[in-house]
Amino acid sequence: MRKKSNSGRGIKNRAGRGKKKGNSTKTGSSTMGTVKPKVDVRVSPEQKRGEVKMENIKTRKLFEGKITRKAIVEAFKKLSPRHMIKNPVMFTVYVGSILTTGLWLQALSGQGESQPGFIFAVSLWLWFTVLFANFAEAMAEGRGKAQADTLRKSRQEVKAKKLAKADKDSKQSEVLSGDLRKGDLVLVEAGDFVPADGEAVVGVAMVDESAITGESAPVVRESGGDRSAVTGGTKVISDWLVIKVSSDPGESFLDRMISMVEGAKRQKTPNEIALNILLAALTIVFLIVCATLLPYSIYSVAASGAGSVVTVTVLVALFVCLAPTTIGGLLSAIGIAGMDRMIQANVIAMSGRAVEAAGDVDMLLLDKTGTITLGNRQATEFIPAAHVEVKELAEAAQLSSLADETPEGRSIVVLAKEKYGLRGQDIQELNATFVPFTAQTRMSGVDIGKRMIRKGAAESIEKYVKDQGGKYPDDVRAGVEAIARRGGTPLVVTEGKTVLGVIHLKDIVKGGIQERFAELRRMGIKTVMITGDNPLTAAAIAAEAGVDDFLAQATPEAKLKLIRDSQAGGRLVAMAGDGTNDAPALAQADVAVAMNTGTQAAKEAGNMVDLDSNPTKLIEVVKIGKQLLMTRGSLTTFSIANDVAKYFAIIPAAFALTYPELDSLNIMRLHSSQSAILSAVIFNAVIIVFLVPLALKGVRYRPASASKLLQDNFLIYGVGGLIVPFLGIKFIDVILVALHLV
Amino acid sequence: MTSNQWLQIIAYFVVLLALAIPLGIYMGKVYENKPLFLSKLFGWLEKLIYKLGGIHPEKEMDWKGYALSMLLFNIVGGLILYAMERFQASLPLNPAGQSAVPPDLAFNTAISFITNTNWQFYGGESTMSYLTQMAGLAVHNFLCAASGMATLVALIRGIVRKETKFLGNFWVDMTRGTLYILLPLSLIFTMILIQQGTPQTFGNTVNASLVQPTSYDQPVTTAAGVPVTVDGKPQMTHVVVTEQPISLGPVASQEAIKMLGTNGGGYFNVNSAHPYENPTPFIDFLELLAILLIPAALCFTFGSMVKDHRQGWAILAAMFLLLAPMLYICVQQEQAGNPLLNKLTMGTHGETLADGNMEGKEVRFGIVNSSLWASITTAASNGSVNAMHDSFTPLGGMVPMWMIMLGEVSFGGVGSGLYGMLAFVILAVFVAGLMVGRTPEYLGKKIQTYEMKMASIMILIPPLLVLVCTAVAVATGGNGTNNPGAHGFSELLYAFDSMSNNNGSAFAGLSATTLYNLMGGAAMWFGRFWLAIPVLAMAGSLAKKKAVPESAGTLPTHTVLFVVMLISTVVIVGALTFFPALALGPIVEHLKMVRM
């Protein structure tokens, strides 16, 4: 498995917030060795606490004036039959509105089936029902569009310096970014905008990607490795890069993002289709119920010899009230809003299907480094050999690490300083010679005069000591084993042939991560830690972090196999990844979140991109997916439960003249037949507007077992859905009477 | 309700449960092809049937093959039955000399008996020959019951199996279901019936001399059937009756499967109110048990086949809870009787008539047994009666109507009841699954677009048939009703409710017309097979899926909460569909009665 030497990758944003320490710049090859090590600033305060929390979730105000105004206009535009036909439930309401308008016109000419005023009122509110549903959809789309507009600003046509070959100094020609094709080579220098998506092939540069990520701190992009991908629309702020263009115009990452956000490519997701079928079936049932009421009414009038046949207006009103208009009107808004919530969490989903699948995930694969543990190991303990003072060991360890720029090395210096008050000394002042780590010796150290201090893996040091004729003590060997068993990495320190002791390097599990895993377990999601460590170490860290399972000594093949096997067992797997070697696993996973800092290959393979490049975001992604389904389910339940009250309002009213006895069913004691029918229709329309915020925000979600969630939502939306309309319809009836509208 | 009444009902359900559990587990073994005690006795017969039919029992079918076999089998069976009715006059075993059944009635009856409806627009003893009764109707009582169970079993296999397209062999399921379940049970029950006095004979009708002759006045008609009037009044003749013809026949053998197979088609016109069909209180109790026995036992078959008995219990609980309050209303309403009659005093001591509504009921059975029978015969799609539902109080009569309207899923027909209920389970799981934020799944199988399509068809078809057929009937004048007004409407609504949902009980009071015969026949056909085919299609789709392992995120489908959810789904769908129609029928009738 690829070793993650870059501490900044996984947790860049956390470290970068406020105090950017520039650790992402340190790994750049061009800066290596020129930066003087400063031992005390390695970790930011936040990183030290290792908190896992969600930040950077921008929240857009629910009703922004501009978007709302635009949505109102859009609601009318959407009245075209071509648009209406896409939503079968609302289309029936639309037809009902046209029908009642016709009946009203007929009534105006004096041959109506009822008073024109009443028919007009019903017709008007049916139109409102349609408009309100259109408004809900337009609101959701508007919020997406606002996001897209921000993105679009960064997609201006820029002049690009096209190169003949992959060499900075080769022949340049100036072309427009829109004319670039896949495979073209371009040069970007400080101050230039990157003209298209591509792969850096030569050079290293600082790039400001704030246009895409909203993150102001610049990031390093360099040729080769996992950080070679550049995105069109970002700006180079220092140095230069030669880029090989990887997409044709209109197919770039940004283009896809915009079209996703705008909902232009929005396809109905599988659950949405299934729900649509159910809603269509219910609509057909209610259509038949209302249509057959006409002959029933004719028969009843003839049989009882009293009253008049129920009017078409009343039947249309009854039908619209019964049809699942609440959920039907809000369904597409809910889908768009789900996508929008992903964007607000800084995750771009490449399809709605992926968002929905996120809710179904039952297994999460998480990389150890950067996700479960802080980016790197830290020294936590000095264990001296027999007859050696711990301070002596600490001092030697610190000296050997002064010039060691690796995070591990620096943590040794910090530990010695914090625990034993040993101040870091300047390596030049000491006149010391740094002995760097090589693959042959597999140790590093320092020579100060005659003192030769070395630190390294146990086997290397043992060999080093024995070669000099020294003795490798048993207590040190025991210490090494103990550390390995606890999941740590032992580093043995020796001065000459005298072994001084062991340094315990430990993976630091992020604070708060255990709670998150417990949360996931409550949600029924299994977590699997992926690590290149040996099984012993992996097991210890897995236990400490509280993951359910781990995959040790993971290779890309092993990862892919794990995903395939789990999927064959019926599980839905989610994972996050950023490297090219993650790409096969990302492509195989059901929900694959690629880090924005990752390679183009990883981004292509995934079905979501996390702009914050925070692997813990997977948990948020799952939440948003679940919330989307829950909102649909809850509003469906609410919509159907509502019908009971509407029956009690309309049925006695519709047949009051034929069978006055049915007034016993008017348990709300509504004022008159007309006020009862009108109140039900008005309630049915207004409830859509009231539920728009819920549709856009989604129902509240907290991690709990399925039973508990069902219980809560059944009580709120099922039982609530039974009661609310009784109160609402009565309330509207009282107002109508008070205003003398009926 | 008195404690005696409670006791009768509680005793009934306790005994039912005690019998259903072992039977259900046994039936699971039958359909899982496990060795049985009975296969030692009848194994040779099973093998012989396969050999004669050219059946390869080990060769399984996909859903289309299964559905095609099931459909073909029923169509051919229906055609034979139709022919038998039409030609019965020239066929043997017709001592009473019954003439050919008219085409529209024969059509209606043939479909009625292959669809497990057993709607009867005829009186058995005055229409059908012994051969038609025995080799036609009784045989189909077995076959349609076995066919319903086979369809259910295919669905269960679809849920249990993983990543396969095979659902079993229809012919094997039919053979084993008949041979090892229906025949042995019927055999035992027939023996008990004969012992208790039910006739089983080929002997002709017997004429008995009345101890006390009765007489009545009959209008005189001309040869053309026009009443003769004298001074504007019809001329009457006095008729004295001294003899009564007593119909006989192979009653016991047909009675057993009629009760066990949720068929309900009586040998005699008055069904189980007839002393030969229902001779003693003991038989009455056994017949009541037989109505619900197999439908209840199938819940345990389901539990044992899916290897989770809690699932079976949950469905059984939902079925029972759908029935229990309705049963209470029925008994309570019948016991309360008609308030208008209750107000009348008789005699000089001010005694009232408040002994409940006994109109249309057998005095041998009384109110509780009649109400219990009415409720469970419509909960299950049996449709036999021991009292006339037409004469129940408005709300008491609404109970059987309502139980049918739920789609025959509270117990329901053998096989068809449970597969209908499973369609509602899938609907409930779908909505509940969305509410917990996960693609819905039932017993590890994901419920997706295709399943929803099929479940929607199953839930859509029966109410569509009921409402549209009733609308056509009232729009064409609502002929044949026995009562005017709301009650007449109830008679029509009940008839098409009963036929569309394959129940077969009659509100009575409605006379057959050619339109009703034909329309009802179509309703029965679609009500049965437009549900059975989607069931098999769904089974095929489920069988192909992988199973999702259970986790804390999985919605449990055996909890009290889920049972409540399931009941709510069934009731809400039923109520939303039928409330307006019920309001114009029994509800307004009731309100009129109490307000008068």
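Chains as they are written, first to last, in this note's numbering: chain A, 358 to 1099; chain G, 10 to 605. Ideal Cβ positions, reconstructed from N, Cα and C, are used throughout, including at glycine.
Enclosing beta strand (DSSP E) for residue i [first to last residue]
i: residue 1037 of chain A; result: Premise fails: residue 1037 of chain A lies in the alpha helix (DSSP H), 1030-1054, not in any beta strand (DSSP E).
i: residue 848 of chain A; result: 846-852
i: residue 482 of chain G; result: Counting along the chain, residue 482 of chain G falls outside any beta strand (DSSP E), though it belongs to the alpha helix (DSSP H) covering 458-484.
i: residue 759 of chain A; result: Taken as a continuous stretch (DSSP letters only), residue 759 of chain A belongs to no beta strand (DSSP E), as it is neither H nor E.
i: residue 578 of chain A; result: 576-579
i: residue 247 of chain G; result: 245-255
i: residue 216 of chain G; result: 215-228
Neighbour list for residue i in chain A, Cβ cutoff strictly below 7 Å
i: residue 461 of chain G; result: 631, 634, 635
i: residue 440 of chain G; result: 990, 993, 994
i: residue 609 of chain G; result: This structure cannot speak to residue 609 of chain G, because chain G is shown only from 10 to 605.
i: residue 604 of chain G; result: 1018
Contact check, residue i vs residue j, beta carbons under 8 Å
i: residue 857 of chain A; j: residue 941 of chain A; result: no
i: residue 731 of chain A; j: residue 865 of chain A; result: yes
i: residue 1104 of chain A; j: residue 700 of chain A; result: Here chain A has residues from 358 to 1099 only, and residue 1104 of chain A is not among them.
i: residue 1038 of chain A; j: residue 489 of chain A; result: no
i: residue 928 of chain A; j: residue 449 of chain G; result: no
i: residue 339 of chain G; j: residue 393 of chain G; result: no
i: residue 306 of chain G; j: residue 29 of chain G; result: yes
i: residue 184 of chain G; j: residue 58 of chain G; result: yes
i: residue 461 of chain G; j: residue 635 of chain A; result: yes
i: residue 862 of chain A; j: residue 736 of chain A; result: yes
i: residue 523 of chain G; j: residue 489 of chain G; result: no
i: residue 207 of chain G; j: residue 250 of chain G; result: no
i: residue 832 of chain A; j: residue 951 of chain A; result: no
Contacts that residue i makes with chain A (C-beta to C-beta distance below 8 Å)
i: residue 528 of chain G; result: What residue 528 of chain G touches in chain A: nothing, since even the nearest Cβ is about 14 Å away.
i: residue 568 of chain G; result: 1064
i: residue 483 of chain G; result: 652, 653, 655, 656
Within chain G, partners of residue i - CB distance below 9 Å
i: residue 646 of chain A; result: 472, 476, 585, 586, 587, 588, 589, 590
i: residue 991 of chain A; result: 443, 444
i: residue 1022 of chain A; result: 592, 596, 600
i: residue 1012 of chain A; result: 589, 592, 593, 597
Identity of the residues DSSP links to residue i by a beta bridge
i: residue 887 of chain A; result: A/724, A/908
i: residue 858 of chain A; result: A/741, A/850
i: residue 595 of chain A; result: A/563
Contacts that residue i makes with chain G (C-beta to C-beta distance below 7 Å)
i: residue 829 of chain A; result: Simply none; closest approach about 50 Å.
i: residue 681 of chain A; result: In chain order: nothing, as chain G lies at least about 10 Å away.
i: residue 304 of chain A; result: There is no way to answer for residue 304 of chain A, as the model of chain A reaches only from 358 to 1099.
i: residue 903 of chain A; result: Those within 7 Å of residue 903 of chain A in chain G number zero; the least Cβ separation is about 15 Å.
Contact with chain B by residue i, beta-carbon distance below 8 Å
i: residue 174 of chain G; result: Going by chain labels, chain B is absent from the structure shown, which instead holds the protein chains A and G.
Limits of the unbroken alpha helix (DSSP H) element including residue i
i: residue 745 of chain A; result: Unbroken run through residue 745 of chain A: none, as it is neither H nor E.
i: residue 798 of chain A; result: From DSSP, residue 798 of chain A is part of no alpha helix (DSSP H); its letter is neither H nor E.
i: residue 385 of chain G; result: 375-388
Per-residue contacts from residue i into chain G (C-beta, under 8 Å)
i: residue 627 of chain A; result: 448, 457, 458
i: residue 741 of chain A; result: Result: empty, since nearest Cβ-Cβ is about 47 Å, beyond 8 Å.
i: residue 918 of chain A; result: None at all; the shortest Cβ gap to chain G is about 17 Å.
i: residue 717 of chain A; result: 447, 448
i: residue 987 of chain A; result: 443, 444, 445, 446
Contact test: residue i Cβ vs the ligand SAM heavy atom, cutoff 7 Å
i: residue 644 of chain A; result: This structure simply doesn't include the ligand SAM, nor any ligand for that matter.
Per-residue contacts from residue i into chain A (C-beta, under 9 Å)
i: residue 636 of chain G; result: With chain G represented from 10 up to 605, any question about residue 636 of chain G goes unanswered, as that position is not in the structure.
* Completely contained alpha helix (DSSP H) runs for the region 446-501 of chain A, where each covers 4 or more residues -> Within the region 446-501 of chain A, no complete alpha helix (DSSP H) run reaches 4 residues.
* Asked: What are the complete alpha helix (DSSP H) segments, minimum 4 residues, inside the region 279-313 of chain G?
  -> none
* Report the residue ranges of all alpha helix (DSSP H) runs contained in full by the region 99-148 of chain G; include only those spanning at least 4 residues, in chain order. => 112-123, 133-136
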